[in-house]
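In the numbering used here, the protein residues as written are 632 to 674.
C-beta: ideal position from N, C-alpha, C; glycine also.
Source: prediction; values computed, not measured.
Below is one structure, written out as structure tokens; comments come after it.
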């Protein structure tokens, strides 16, 4: 993805998220923000 900038959230945006998350980079790709969440099916 040429010309794409790394994803970077503010400290406030990170604090406001109810989910665990992390920044990741694969090889020479851009930095991404991964949200770690679990969605349960309605019972």
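Excluding its 5 nearest sequence neighbours in each direction, residue 636 has C-beta neighbours in its own chain below 8 angstroms: 661, listed in chain order.
Taking the C-beta atoms as reference points, residue 668 is found nearer than 9 angstroms to residue 650. Rounded to the nearest angstrom, the gap between the Cα atoms of residue 652 and residue 638 is 13 angstroms. Straight through space, the alpha carbons of residue 645 and residue 634 are spaced by roughly 25 angstroms. DSSP links residue 667 through a beta bridge to 651.
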